[in-house]
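Residue numbering for the sequence shown follows my numbering, starting at 192 and increasing by one per position.
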Amino acid sequence: MNKMFFIIILFGIILVPANLAYASINPNSLLDEEEIPLPGKTKELLSTCPDAWKDLFTRSPERKQFMDDVTDGLISNTPEFQSLNGNMQSITAHYIHNSDSPCPPWAYAYGTFRSENNNDHHKFVLEFNSIYFRYMINDMHPQYASSLSVQDEKQNESTVLSPLKQTLSGTSPYDIVCSEGLHLVLTLSEKPACVKEQSISKLIARGWIDDSKKLSPSTEKIPTDPVLAKKITESSNQFALDFYKHESKNKNENIFFSSPSISTAFSILYEGAREDTADEIQKIFEFPKNDDERRVGFFSFVDTMEQKNDHENTVQMANALWLADGFAPLPGYVDTAKTYYSSSVDSVNFANDQGRLEINDWAKSKTQDRIKELLKPGSTDASTKMVITNAIYFNGAWEHPFDIVDTYEADFTVNSDKTVKVSMMSYPHKMKFNHTSTEQMQMLQIPYKENALSMLIILPHNTDDMQSVEQSLTLENLKLWKSQFYDRGTIIHIPKFTLETEYDLKESLTEMGMSSVFNTADLSGITGSKGLFVSEAVHKAFVNVNEKGTEAAAATAINLDESSGQAFKADRPFIFIIQDNETESILFIGKIVNP
Numbered sequence: 192m193n194k195m196f197f198i199i200i201l202f203g204i205i206l207v208p209a210n211l212a213y214a215s216i217n218p219n220s221l222l223d224e225e226e227i228p229l230p231g232k233t234k235e236l237l238s239t240c241p242d243a244w245k246d247l248f249t250r251s252p253e254r255k256q257f258m259d260d261v262t263d264g265l266i267s268n269t270p271e272f273q274s275l276n277g278n279m280q281s282i283t284a285h286y287i288h289n290s291d292s293p294c295p296p297w298a299y300a301y302g303t304f305r306s307e308n309n310n311d312h313h314k315f316v317l318e319f320n321s322i323y324f325r326y327m328i329n330d331m332h333p334q335y336a337s338s339l340s341v342q343d344e345k346q347n348e349s350t351v352l353s354p355l356k357q358t359l360s361g362t363s364p365y366d367i368v369c370s371e372g373l374h375l376v377l378t379l380s381e382k383p384a385c386v387k388e389q390s391i392s393k394l395i396a397r398g399w400i401d402d403s404k405k406l407s408p409s410t411e412k413i414p415t416d417p418v419l420a421k422k423i424t425e426s427s428n429q430f431a432l433d434f435y436k437h438e439s440k441n442k443n444e445n446i447f448f449s450s451p452s453i454s455t456a457f458s459i460l461y462e463g464a465r466e467d468t469a470d471e472i473q474k475i476f477e478f479p480k481n482d483d484e485r486r487v488g489f490f491s492f493v494d495t496m497e498q499k500n501d502h503e504n505t506v507q508m509a510n511a512l513w514l515a516d517g518f519a520p521l522p523g524y525v526d527t528a529k530t531y532y533s534s535s536v537d538s539v540n541f542a543n544d545q546g547r548l549e550i551n552d553w554a555k556s557k558t559q560d561r562i563k564e565l566l567k568p569g570s571t572d573a574s575t576k577m578v579i580t581n582a583i584y585f586n587g588a589w590e591h592p593f594d595i596v597d598t599y600e601a602d603f604t605v606n607s608d609k610t611v612k613v614s615m616m617s618y619p620h621k622m623k624f625n626h627t628s629t630e631q632m633q634m635l636q637i638p639y640k641e642n643a644l645s646m647l648i649i650l651p652h653n654t655d656d657m658q659s660v661e662q663s664l665t666l667e668n669l670k671l672w673k674s675q676f677y678d679r680g681t682i683i684h685i686p687k688f689t690l691e692t693e694y695d696l697k698e699s700l701t702e703m704g705m706s707s708v709f710n711t712a713d714l715s716g717i718t719g720s721k722g723l724f725v726s727e728a729v730h731k732a733f734v735n736v737n738e739k740g741t742e743a744a745a746a747t748a749i750n751l752d753e754s755s756g757q758a759f760k761a762d763r764p765f766i767f768i769i770q771d772n773e774t775e776s777i778l779f780i781g782k783i784v785n786p
């Protein structure tokens with residue numbers, strides 16, 4: 192059976208700077224086994240993070256936001272937490288939602304409590320020091336803080352009960368409903384919590400919740416939208432031609448890549464980009480700026496593409512996020528990757544070679560063993576925080592198979608100074624194919640089974656015409672040329688070829704105008720803060736074209752009579768495009784200079 196195989200991988204490695212230094216004093220050494228201050232150690236505890244306490248309560252905008260978002264709801268809805276306990280809970284919640292310091296939360300809470308409350312409260316704390324600390328430490332866990340932003344169910348029928356009240360009413364922890372703007376997580380003891388998105392990475396880092404206990408996004412099927420899918424197709428097609436022209440400029444070599452593969456991976460990255468970084472990515476890839484349009488568009492685009500799968504043709508795409516152990520992106524970012532890009536998410540150890548090997552195994556699996564080593568030794572280390580991978584695989588059968596007995600040895604003119612021998616496949620008799628021609632080239636459409644996909648071959652009349660043909664390669668001209676197709680009998684000769692390509696996207700995209708993502712990136716939509724950047728982005732591709740499938744058979748030389756019909760003989764450099772006939776999406780594009 193005639194097959195063509197295309198395998199594409201793209202990955203980006205994103206790094207973060209060194210970890211923040213921790214406080215010089217370890218507060219845990221000042222507590223007993225029950226986490227109560229040791230005798231005479233209260234003053235030393237209070238001196239652990241004095242600058243942080245002061246800073247915490249001099250940032251008036253944050254304090255106002257904290258009071259509005261947390262305290263008011265707490266005091267009005269939970270009478271038992273009013274006055275002293277209410278203030279204590281509020282301080283705790285403020286730390287959880289706003290602080291970036293490594294100082295322990297109870298140190299913040301106690302210090303700010305002392306500096307903020309009146310003398311009566313201060314006296315209360317001094318008299319009941321041990322009880323207060325025990326109570327505070329217990330209340331540091333997020334299931335308590337999570338209830339601070341919810342409203343009492345008695346206020347109106349549309350409000351949401353706190354996780355604690357929902358649990359007491361018999362609701363499963365996995366079915367807890369959070370108020371708008373909050374995300375459901377489970378603590379290490381399986382207790383539910385509704386917390387702000389920017390809090391989750393901090394809670395994971397401090398060991399209060401387990402990364403594996405973040406709940407998956409809704410499995411409700413997203414409705415597809417052909418109009419939005421078309422927008423993604425148009426932007427992907429434009430990038431295909433832009434990137435092709437960049438790679439072919441001043442280069443006389445083989446080209447092969449998949450625009451949807453590159454675009455999809457960078458769209459996942461774009462979900463976390465902000466400010467200039469987002470603007471640069473959007474300008475290069477022309478993504479829809481509206482989040483819903485872009486996300487539903489990509490989801491619909493992939494769904495439409497994979498509908499072409501049948502027993503003769505296979506088109507599959509896979510995405511994956513690989514997170515370093517202990518690295519916690521914002522749950523909203525991860526949920527978007529899972530929901531709209533069908534991305535898998537795995538935590539791996541980049542400090543040793545385990546993470547790299549797991550990614551390579553994934554790549555082998557998704558590409559039918561065609562790409563065995565996506566990441567080379569040394570490409571990841573302890574500083575690697577996240578890797579984005581995308582794989583697209585195509586296996587298509589010709590609508591009109593070539594016969595191996597009609598394959599012969601022929602000359603292929605690379606340029607005016609070089610000719611090489613190739614195995615030339617052929618249809619020795621006239622076959623009806625869509626065909627057109629201009630003053631500089633002729634274009635042929637060869638269909639795959641069921642005519643859902645096809646290969647377009649753009650063949651310049653001579654090798655000197657290639658540059659002018661490439662300059663004229665625009666979406667408008669492609670549409671024009673295809674509109675001029677007519678069905679006629681043609682004798683076809685195209686070489687068998689196998690290509691393996693690799694592109695340093697960091698270099699190419701920087702030259703195309705997307706530089707900040709690789710150095711001064713703002714990817715704060717991934718973690719909630721700046722510091723990430725793309726250290727490496729590589730696109731690898733494999734293509735094999737022959738009569739039977741993945742392996743070439745022995746060639747037999749024969750003489751052909753071309754006088755009986757118009758000949759299309761690709762014995763010189765040509766451009767080829769694999770397209771979806773229905774959507775006109777360019778799945779792959781390449782150039783054969785030397786088969």
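The C-beta atom is built at its ideal place from N, Cα and C for all residues, glycine as well. Source: prediction; values computed, not measured.
When Lys673, Asn710, Ala732, Ala712 are compared, the shortest CA-CA separation from Tyr694 is found for Ala732. Between Phe478 and Tyr531, the gap from beta carbon to beta carbon reaches 8 Å or more. By DSSP's assignment, Gly680 forms a beta bridge with Lys623. Shown here for Lys474: same chain residues with a beta carbon closer than 8 Å to its own, the five before and five after excluded, namely Gly704, Met705 in chain order. Contact between Lys557 and Tyr584 is confirmed by a C-beta separation of about 7 Å, below the 8 Å threshold. Distances from the alpha-carbon of Ile579 to those of His730, Ser628, Ile649, Phe759 put His730 closest. DSSP places Phe767 inside the beta strand (DSSP E), whose first and last residues are 765 to 771. Taking all protein chains shown into account, Tyr435 has 16 or more neighbouring C-beta atoms within 10 Å of its C-beta and is therefore buried. Here Asn710 has Phe724 as same chain residues with Cβ atoms under 7 Å from its own Cβ, once five neighbours each way along the sequence are excluded. Residues Val487, Ser491 of the same chain have their beta carbon placed closer than 6 Å to that of Asp416, with the five preceding and five following residues left out of the count. The Cβ atoms of Thr665 and Phe759 lie no closer than 8 Å to each other. Three or more Cβ pairs drawn from the stretch 501 to 513 and the stretch 523 to 540 lie within less than 8 Å of each other, which places the two stretches in contact. The beta carbon of Val539 sits closer than 8 Å to those of Trp513, Leu514, Ala515, Asp516, Gln545, Gly546, Glu549, Ile550, all from its chain and outside the five residues before and after it, given in chain order. With 16 or more other Cβ atoms from the protein chains shown falling within 10 Å of its own Cβ, Tyr524 counts as buried. By the beta-carbon neighbour count (other beta carbons within 10 angstroms, threshold 16), Lys697 is buried.
Using a 10 angstroms sphere on the CB of Gly781, the tally of other CB atoms reaches 16 or more, which defines it as buried.
By DSSP's assignment, Asn428 forms no beta bridge with any residue. Here Phe457 has Ile472, Phe476 as same chain residues with Cβ atoms under 7 Å from its own Cβ, once five neighbours each way along the sequence are excluded. Each residue's CA atom was taken as its position, placing Pro451 and Gln770 some 11 Å apart. Distance from the CA atom of Glu600 to the CA atom of Val736, rounded to whole angstroms, is 16 Å. Per DSSP, the unbroken alpha helix (DSSP H) holding Phe457 starts and ends at 450 to 461.
If you look at Ala554, you'll find it in the alpha helix (DSSP H) that goes 545 to 557. Counting other Cβ atoms within 10 Å of its Cβ, Asp713 reaches 16 or more and is therefore classed as buried. In the three-state reduction of the DSSP assignment, His437 falls in the helix class.
In the three-state reduction of the DSSP assignment, Ala542 falls in the coil class.
The beta carbon of Val660 is closer than 8 Å to those of Gln631, Met632, Ile649, Pro651, Ile766 in its chain, skipping five residues each way along the sequence.
For Met496, no beta strand (DSSP E) run applies; the uninterrupted alpha helix (DSSP H) run containing it begins and ends at 482 to 497, by DSSP. About 6 Å separates the beta carbons of Arg679 and His626, which is inside the 8 Å limit, making them a contact pair. Its chain contains Val784 as the residues whose beta carbon lies nearer than 6 Å to that of Glu444, once the 5 sequence neighbours on both sides are disregarded; these appear in chain order.
A distance of 8 Å or more separates the beta carbons of Leu671 and Val734. The alpha-carbon separation between Gln636 and Leu644 amounts to approximately 10 Å. By the neighbour-count criterion, in which 16 or more other beta carbons inside 10 Å mark a residue as buried, Tyr677 falls on the exposed side. Excluding the 5 residues flanking it on each side, Ser628 has no same chain C-beta neighbour closer than 6 Å.
By the neighbour-count definition (other C-beta atoms within 10 Å, threshold 16), Thr610 is an exposed residue. In terms of Cα proximity to Asn504, the closest of Phe688, Asp494, Arg763, Tyr639 is Tyr639. Here Gln658 carries a helix assignment [DSSP, helix/strand/coil].
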